[in-house]
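2 protein chains.
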Amino acid sequence: MTGFREDGAAALEWAASYLERVRELPVLAQVEPGEIRRALPDSPPEVGESFSAVLRDLDEVLLPGITHWQHPGFFAYFATTGSEPGILAEFLAATLNVAQILWRASPAATELELVTMDWLAQLLGLPREWHGHIEDTASTSTLAALAAARQAFPGRVVLCSEHAHSSVEKAARLLGLAVQKVPADSEFRMRTDDLRDLEGACALVATVGTTSSTAVDPVAELAEICEREHVWLHVDAAYAGSAMVCPEFRWAWEGIERADSVVVNPHKWLLTPVDCSALWTRRPDDLHTAMTLVPEYLRSSDEDALNLSEYGPALGRRFRSLKLWAVLRCYGRVGLQERIREAVRLAEVFEGWVRNEPGWELVAPRPFSVVCFRREGSDEANADLLERVNASGEAFLSHTALDGRYVLRLA
Amino acid sequence: MTGFREDGAAALEWAASYLERVRELPVLAQVEPGEIRRALPDSPPEVGESFSAVLRDLDEVLLPGITHWQHPGFFAYFATTGSEPGILAEFLAATLNVAQILWRASPAATELELVTMDWLAQLLGLPREWHGHIEDTASTSTLAALAAARQAFPGRVVLCSEHAHSSVEKAARLLGLAVQKVPADSEFRMRTDDLRDLEGACALVATVGTTSSTAVDPVAELAEICEREHVWLHVDAAYAGSAMVCPEFRWAWEGIERADSVVVNPHKWLLTPVDCSALWTRRPDDLHTAMTLVPEYLRSSDEDALNLSEYGPALGRRFRSLKLWAVLRCYGRVGLQERIREAVRLAEVFEGWVRNEPGWELVAPRPFSVVCFRREGSDEANADLLERVNASGEAFLSHTALDGRYVLRLA
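Read top to bottom, the protein sequences are chains A and B. For what it's worth, my numbering labels the leading residue of the first sequence as 72, then goes sequentially. For what it's worth, my numbering labels the leading residue of the second sequence as 72, then goes sequentially.
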């Protein structure tokens, strides 16, 4: 190393220049499988190289193989948004390099996580008395929530919409639970007509903003059913939860205060770099019972302190709250609301274009910032169109299936 | 924000100055539970603040509550080591902010991960044909490995040493498997005398470098038993695996090529900031079968490409290989070996001091860089001593229990 200040200045210049020029790069990497791998050396170096060599190869070898999530033409999946304060805070977290295995391993990291989750609960209109902590992704948050559900209720089945995210099925599979898919209505919301008897179920997962179409399951109604049937209600609001910083979107999770757990990913739509998944629960004792395990080498005299590793699958926890804190500080409630509203406005504009363009159709309601549309014609023609758009490098869209048809998705 | 370059320069200066002055700060945070929380505002800001306000509060409010893992007096748990190239690469990864949900979401991230894991396999003397990928922590790696074991073999029991890490029990609990603890010998290694009949077991976990004492279970012998009994052998080398960059330590996992899976955490002893846990398996198909789930919205035309999310619990994967790559590049084989050997040399020096000091005793063999020792006298006296050392802020040690006695641990 030349020295941390010099190498750091070069890395900072690389990052600043990247953020400036990313819009000029092809958004979807235009490489074939194996191409990047073949461009990299077969073996590690024997002796150390300079950090400038790393930066050079990042530019020359890796960059052509990067799909640019920070590109303004990235409309695939969910447009994951990293912001400048979030990026810099991740750098500071790596500098501190604390591993929150228990409170005393970094008191400030644990307590900042609790405070930041309390702030976020306030911003999203969630009950402040809930327990909140951060996991890496919604897959892990859902795994933790369903483990708590299995702990709290006797059934071995998880119910969810046919449009629920694949992470529900993955978590259930890991936990040894069966999944039962509930059909959706014409607007892709979970139907409740047949949800009378939940015999054998320990959990029901409602989605607020499904991945395919951002449809919204009826939370209040499902909460009532779950309460009556003694089943854990987990709400997957990984994408749309961020929109709840704006009161005008809170219709979408009316009744949320009766859920048992909720996941919202600030790394999706709240300006925080991956990974940062916020999990709250109204039943922290069940989550704790499902997850706690304190061996002798981790016992400490800080008996009043909360060890967040006792609320999730991982023991070593990165200092993830620092970036969320930086984002909430640097944008404030008003700044976050502005950005959510602007994203929704742009989606409305695009939706209008599709509506008014002959030969195109909208195929799902658009409650938030994702537009589902297609060109009249065959699935093949639409798939071909998608591949041509993506091959241009100017925009990156993804697709989904709705009512058995191939649908384009602009996020 | 003032601007990314100015804010970034301030963050870089904060980081550089932190790394210079960290040795002057109390290594263990000298705060009471709740103290940091009370120093933080009760509510998030309404309007955005400057990034300089974040840096100021990091210094004034959070720093007194940080336990400094980068401090030269940090001897607790395992001395997790972040290095300068690793820190800067994490910053670059946050700038790129790719989420590796599948190959095309970032081809270079997927392929760099495969290359880096191949390099690391070469450095550690592992078979290159194994499948390797990165998880956040060993807890997740072990969860994935045991899910594959449950997939591959019919039993519902996981065997491990009484000194195995708590993550084995946590993973088994999540997976609905039972854990059977095998007694250890006088040097804290798993005893094999009673391991004749593994009826009902799907996996056995061997530990190379247990957390309590860094004892080494007999891998070759266990591999033979597991092969004969058709049981998955998972080797937890989360800490000691990094030492295998030096051939003179490879006695510790002789027979490793017959294991079914191995976990090594470069974020423990290989200069990589948290989180970076390397998982290899000889049976990628079983891991894939246990984990794969590709919904329509994630299907793509890149049929030859490997989606690493199909090999682990999470879908959204951070660009973790970038920091491991930077570390391997900037240190090279020789540089990594030097640092491992120096850590072991320092532990040997300390071990010598304890051996020659009347009133002190060594309580376990020291194969690597952890020394287990105690002062003659009661457990209470040793616990009290530990608290006094830690209260000084000059050094931070942790403890464990060996043979039912309270033992001090210097890592």
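Cβ coordinates follow ideal geometry from the N, Cα and C atoms, glycine included. Please read these numbers as outputs of a predicted model, since none were measured by experiment.
Checklist entry - According to the neighbour-count rule (16 or more other Cβ atoms, all chains shown, within 10 Å of its Cβ), is glycine 406 (chain A) buried or exposed? => result buried
Item to check | Test item: CB-CB of isoleucine 327 (chain B) and valine 276 (chain B) under 7 Å | outcome: no
Item to check | Identified DSSP bridge partners for arginine 476 (chain B) | outcome: B:Leu473
Checklist entry - Can the beta-carbon of aspartate 331 (chain A) be found less than 7 Å from the beta-carbon of histidine 338 (chain A)? => result no
Checklist entry - Considering phenylalanine 75 (chain A), what are the terminal residues of the alpha helix (DSSP H) in which it resides? => result 75-92
Next on the checklist: I need the DSSP call for arginine 445 (chain B), collapsed to helix, strand or coil.
Outcome noted: strand
Next on the checklist: Suppose you measure from the CA of leucine 510 (chain A) to the CA of serine 380 (chain A); what does that come to, to the nearest Å?
Outcome noted: Limits of chain A in this structure are 72 at one end and 482 at the other, which puts residue 510 (chain A) out of reach.
Item to check | DSSP-derived helix/strand/coil call for phenylalanine 122 (chain B) | outcome: helix
Checklist entry - Checking contacts by CB at 7 Å: is phenylalanine 224 (chain B) closer than that to chain A? => result no
Next on the checklist: Measuring CB atoms only, is the segment 407-422 of chain A touching the segment 437-445 of chain A, in the sense that at least three cross pairs come out at less than 8 Å?
Outcome noted: yes
Next on the checklist: At the level of alpha carbons, what is the spacing between arginine 476 (chain A) and aspartate 450 (chain A)?
Outcome noted: 7 Å
Checklist entry - What are the uninterrupted segments assigned as beta strand (DSSP E) that are 3 or more residues long and contained completely in the segment 221-273 of chain A, given in chain order? => result 228-232, 249-253
Checklist entry - phenylalanine 149 (chain A) CB to nearest chain B CB: under 7 Å? => result no
Item to check | Amino acids of chain B, ordered along the chain, whose beta-carbon sits closer than 7 Å to that of valine 102 (chain A) | outcome: Pro178
Next on the checklist: On the criterion of 16 or more Cβ atoms from any shown chain inside 10 Å, does serine 392 (chain A) qualify as buried, or is it exposed?
Outcome noted: buried
Checklist entry - If the cut is a Cβ gap below 8 Å, which residues of chain A does glutamine 141 (chain B) touch? => result Thr166, Leu167, Asn168
Next on the checklist: I want to verify the contact list: residues of chain A whose CB lies under 7 Å from the CB of lysine 252 (chain B), in sequence order.
Outcome noted: Near lysine 252 (chain B) there are no residues of chain A at all, since even the closest Cβ is about 12 Å away, more than 7 Å.
Item to check | Buried or exposed (CB count within 10 angstroms, at least 16 for buried), arginine 127 (chain B) | outcome: exposed
Item to check | Residues bridged to glutamate 432 (chain B) (per DSSP) | outcome: B:Arg445
Item to check | valine 125 (chain B): contacting residues in chain A (beta-carbon distance under 8 Å) | outcome: Pro156, Ala160, Trp396, Ala397, Arg400, Cys401
Checklist entry - Which of helix, strand or coil does DSSP assign to glutamate 458 (chain B)? => result helix
Checklist entry - Exposed or buried, asparagine 427 (chain B), counting other C-beta atoms within 10 Å across all chains shown (16 or more means buried)? => result exposed
Checklist entry - Applying a beta-carbon distance threshold of less than 8 Å, which residues of chain B neighbour arginine 260 (chain A)? => result In chain order: nothing, as chain B lies at least about 17 Å away.
Checklist entry - For a contact meaning CB atoms closer than 8 Å, what does glutamine 193 (chain A) contact in chain B? => result Ser114, Pro115
Checklist entry - If you check the beta carbons only, do valine 250 (chain A) and alanine 272 (chain A) fall under 7 Å apart? => result no
Checklist entry - Taking Cβ positions only, does glycine 280 (chain A) come closer than 7 Å to chain B? => result no
Checklist entry - Which chain A residues sit within Cβ distance under 9 Å of threonine 211 (chain B)? => result Asp207, Thr211, Pro384, Ala385
Checklist entry - Are the segment 167-176 of chain B and the segment 351-363 of chain B touching by the rule of at least three beta carbon pairs closer than 8 Å? => result no
Next on the checklist: If the criterion is Cβ atoms closer than 7 Å, does the pair glutamate 482 (chain B) and phenylalanine 146 (chain B) meet it?
Outcome noted: First, the amino acid is wrong: residue 482 (chain B) is alanine here, not glutamate. Yes, Cβ-Cβ distance for alanine 482 (chain B) and phenylalanine 146 (chain B) is below 7 Å.
Checklist entry - Sorted by chain position, which residues of the same chain lie with C-beta nearer than 6 Å to cysteine 297 (chain B)'s C-beta, five sequence neighbours on each side aside? => result Leu275, Leu304
Item to check | Where glutamate 182 (chain A) meets chain B, residues with beta-carbon distance less than 7 Å | outcome: Ile107, Arg108, Gly136
Item to check | Sequence-distant residues of the same chain with beta carbon closer than 6 Å to proline 355 (chain B), five excluded per side | outcome: His202
Checklist entry - Taking tryptophan 268 (chain B) as the reference, which of B:Gly280, B:Asp189, B:Arg299, B:Ala308 has the closest Cα? => result The residue asked about is misnamed: residue 268 (chain B) is aspartate in this sequence, not tryptophan. Closest option to aspartate 268 (chain B), Cα to Cα, is B:Arg299.
Item to check | Spatial distance of leucine 111 (chain A) from valine 186 (chain B) (CA atoms) | outcome: 8 Å
Item to check | Residues that DSSP places opposite aspartate 288 (chain B) in a beta bridge | outcome: Answer by DSSP bridge pairing: none, since aspartate 288 (chain B) is not bridged.
Item to check | Proximity of glycine 153 (chain A) and glycine 403 (chain B) at Cβ, strictly below 7 Å | outcome: no
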